[in-house]
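See below for the structure under consideration.
Numbering (the numbering used here), first residue to last: 3 to 353.
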């Protein structure tokens with residue numbers, strides 16, 4: 003373990019992201035490692051640094067895996083602190099909702115100590131946040147956007163300038179910076195080729211949390227709605243039943259494709275196999291530029307069922323911005339110039 007890099011990443015979290023003052027109180031919520039999502043070593047490292055190096059009033063709380071009412075049971079505890087950092091999936095469940103208190107909330111996608119000691123976590127948060135703003139501006143000022151992938155995905159659409167405010171980002175801070183703001187899909191039409199797995203968006207809990215797609219299925223999209231699915235009949239029926247079950251469970255519209263965005267942090271690494279836990283894979287690897295994901299099933303962000311599209315291409319007014327799953331930071335003068343002023347960002351995107 004690189005202690006220097008570890009300290010840089012923890013400082014990046016506590017100072018650049020959380021912007022904690024020496025008089026602030028901090029609650030670290032850590033998911034029990036028995037569930038296989040977060041190592042306790044990472045929350046211990048942050049706790050010890052906050053308490054012993056920064057002298058913050060810091061507490062550590064161990065929690066169980068998410069339930070659909072997990073956050074509500076913690077609200078009274080959270081309200082007693084100036085800031086809460088979640089090394090736990092429950093911090094992700096209501097990420098688009100308006101917080102009920104003034105407590106600063108940070109959701110960490112750093113799952114283990116190796117991830118903390120990496121470019122994923124150590125790249126300057128403030129510079130990444132500004133870079134995200136640059137990317138958002140390019141996308142939301144576009145006239146036309148095209149999405150494609152090697153398997154045959156072809157989707158085209160426009161940004162409705164009147165509804166840009168609806169493309170709201172999360173109400174919790176995310177650490178590190180992982181994706182641009184979601185792009186509403188209601189002006190997009192075409193085909194999306196589904197392979198691999200359907201996975202949860204991390205919003206609500208249901209069973210099964212993932213569904214294997216045994217052979218490719220084409221989802222025909224018309225103005226942000228699933229018009230139909232084409233593919234092997236038994237595979238299509240399996241997917242349709244999954245959508246029906248999830249939509250009935252939460253009383254939501256099953257045919258909605260609400261929004262999408264692609265990853266922007268190439269520092270993320272996932273060492274386990276996808277098959278071991280497709281839900282954990284999807285909800286960990288999504289920051290990677292290699293993947294674009296759609297929020298579906300439910301007319302709200304992030305919906306309940308996620309589509310993961312790999313090695314995609316995104317053209318902004320015919321200019322490739324993501325190409326074969328690589329964020330082309332030199333495609334636009336704005337992104338290229340911004341990176342030239344940051345050694346951290348040059349290091350991240352040269353990797």
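Note that beta-carbon positions come from the ideal geometry of N, C-alpha and C, so glycine has one too. Since the model is a prediction, treat every value here as computed from it, not as a measurement.
Point to revise | Complete runs of the beta strand (DSSP E) confined to the stretch 245 to 302 [at least 3 residues] | key: Listed in chain order, the beta strand (DSSP E) runs fully inside the stretch 245 to 302 are 259 to 264 and 293 to 298, counting runs of at least 3 residues.
Point to revise | Unbroken stretches of the beta strand (DSSP E), 3 residues or longer, contained in the stretch 144 to 227 | key: Scanning the stretch 144 to 227 for uninterrupted beta strand (DSSP E) segments of 3 residues or longer gives 147 to 150, 156 to 159, 175 to 177, 190 to 202 and 212 to 224, listed from N- to C-terminal end.
**Study point:** Alpha-carbon spacing of residue 257 relative to residue 231, whole angstroms
**Key:** Each residue's alpha carbon lies about 11 angstroms from the other.
Check your understanding: What is the residue span of the beta strand (DSSP E) that residue 60 lies within?
Key -> Looking at the DSSP string, the run of the beta strand (DSSP E) that includes residue 60 is 59 to 65.
**Study point:** Bounding residues of the beta strand (DSSP E) (the contiguous stretch that carries residue 317)
**Key:** Per DSSP, residue 317 belongs to the beta strand (DSSP E) from 315 to 318.
Practice item. Measure the C-alpha to C-alpha separation of residue 178 and residue 249 and round it to an integer number of angstroms. Key: If you take the alpha carbons of residue 178 and residue 249, they lie about 31 angstroms apart.
Point to revise | Unbroken alpha helix (DSSP H) run spanning residue 56, endpoints | key: Residue 56 -> no alpha helix (DSSP H), and no H or E assigned at all.
**Study point:** Euclidean distance between Cα positions of residue 82 and residue 114
**Key:** CA-CA distance, residue 82 to residue 114, rounds to 27 angstroms.
Exercise for review: Could you tell me the distance, in whole angstroms, from the CA atom of residue 352 to the CA atom of residue 133?
Suggested key: Near 15 angstroms, if we compare the C-alpha coordinates of residue 133 and residue 352.
Exercise for review: Could you spell out where the alpha helix (DSSP H) holding residue 325 opens and where it closes?
Suggested key: Run containing residue 325: none in the alpha helix (DSSP H); it sits in the beta strand (DSSP E), 321 to 325.
Practice item. Would you mind sorting residue 331 into buried or exposed? The rule is 16 or more other CB atoms within 10 Å of its CB. Key: That one is buried.
Review point. Is residue 266 buried or exposed, if buried means 16 or more other CB atoms sit within 10 Å of its CB?
Key: Label assigned to residue 266: buried.
Check your understanding: Where does residue 282 land, buried or exposed, given buried means 16+ other C-beta within 10 angstroms?
Key -> Residue 282 counts as buried, since no fewer than 16 other beta carbons sit within 10 angstroms of its beta carbon.
Check your understanding: Rounded to a whole number of angstroms, what is the C-alpha to C-alpha distance between residue 301 and residue 3?
Key -> Cα-Cα distance, rounded: 44 angstroms.
Review point. Cα separation between residue 181 and residue 53?
Key: Annotation: residue 181 to residue 53 spans about 30 angstroms, alpha carbon to alpha carbon.
Review point. Can you check whether the CB of residue 315 is closer than 8 angstroms to the CB of residue 322?
Key: For the 8 angstroms CB-CB criterion, residue 322 and residue 315 form a contact.
Exercise for review: State the start and end residues of the unbroken beta strand (DSSP E) segment that holds residue 110.
Suggested key: Per DSSP, residue 110 belongs to the beta strand (DSSP E) from 106 to 110.
Practice item. Measure the Cβ-Cβ separation of residue 254 and residue 209 and say whether it is below 8 angstroms. Key: It is not a contact, given that the beta carbons lie outside the stated cut-off.
Review point. Which residues in the same chain have their Cβ closer than 6 angstroms to the Cβ of residue 213, if we skip the five residues on either side of it in sequence?
Key: If we look at residue 213 and ignore the five residues flanking it on each side, its Cβ neighbours are 200 and 244.
**Study point:** Integer-rounded CB distance, given that residue 112 should sit under 8 angstroms from residue 90
**Key:** Between residue 90 and residue 112, the beta carbon gap of about 12 angstroms keeps them out of contact (Cβ cut-off 8 angstroms).
Review point. Could you give the distance in angstroms between the alpha-carbon of residue 144 and the alpha-carbon of residue 335?
Key: If I take the Cα positions, the gap works out to 15 angstroms.
Point to revise | CA nearest to the CA of residue 68, picked from 310, 31 and 86 | key: Of 310, 31 and 86, the residue nearest in Cα terms is 31.
Practice item. Determine the DSSP secondary structure at residue 8, reduced to helix, strand or coil. Key: Correct three-state label for residue 8: helix.
**Study point:** Sequence-distant residues of its chain with Cβ nearer than 7 angstroms to residue 44 (five each side left out)
**Key:** Counting only Cβ-Cβ distances below 7 angstroms, and skipping sequence neighbours, we find 89, 112, 114, 115 and 118.
**Study point:** Contact the stretch 146 to 157 vs the stretch 188 to 199: 3+ CB pairs below 8 angstroms
**Key:** Judged by pairs of C-beta atoms under 8 angstroms, the stretch 146 to 157 touches the stretch 188 to 199, as three or more such pairs exist.
**Study point:** Burial state of residue 337 (16 or more Cβ within 10 Å)
**Key:** Residue 337 comes out buried.
Check your understanding: Can the beta-carbon of residue 84 be found closer than 8 angstroms to that of residue 105?
Key -> With contacts defined as CB atoms closer than 8 angstroms, residue 84 and residue 105 qualify as a contacting pair.
Review point. Excluding the five sequence neighbours on either side, which residues of its own chain have a C-beta within less than 6 angstroms of the C-beta of residue 128, listed in chain order?
Key: Excluding sequence neighbours, residue 128 sits near 18.
Review point. Are the CB atoms of residue 204 and residue 310 nearer to each other than 8 angstroms?
Key: Taking 8 angstroms as the Cβ cut-off, residue 204 and residue 310 do not qualify as a contacting pair.
**Study point:** Contacts around residue 150, its chain only, beta-carbon distance under 6 angstroms, and the 5 residues preceding and following it disregarded
**Key:** Cβ neighbours of residue 150 beyond the five flanking positions: 156 and 315.
Review point. Is residue 122 closer than 8 angstroms to residue 269 when the C-beta atoms are compared?
Key: The criterion of a C-beta distance shorter than 8 angstroms is satisfied by residue 269 and residue 122.
Review point. Just curious, the alpha helix (DSSP H) that residue 2 is in, first and last residue?
Key: Because residue 2 is not part of the residues shown, which for the chain are 3 to 353, the question remains open.
Review point. When the cut-off is 8 angstroms and only beta carbons count, does residue 51 lie next to chain C?
Key: Among the protein chains of the structure shown there is no chain C, as only one such chain exists.
**Study point:** CA-to-CA distance, residue 148 to residue 320, given in whole angstroms
**Key:** Residue 320 and residue 148 have their C-alpha atoms roughly 8 angstroms apart.
Review point. Among the residues of its own chain, which have a CB less than 6 angstroms from the CB of residue 59, if the five just before and after it don't count?
Key: If we look at residue 59 and ignore the five residues flanking it on each side, its Cβ neighbours are 27.
Point to revise | Buried versus exposed, by CB contacts within 10 Å (16 or more), residue 346 | key: Under this definition residue 346 is a buried residue.
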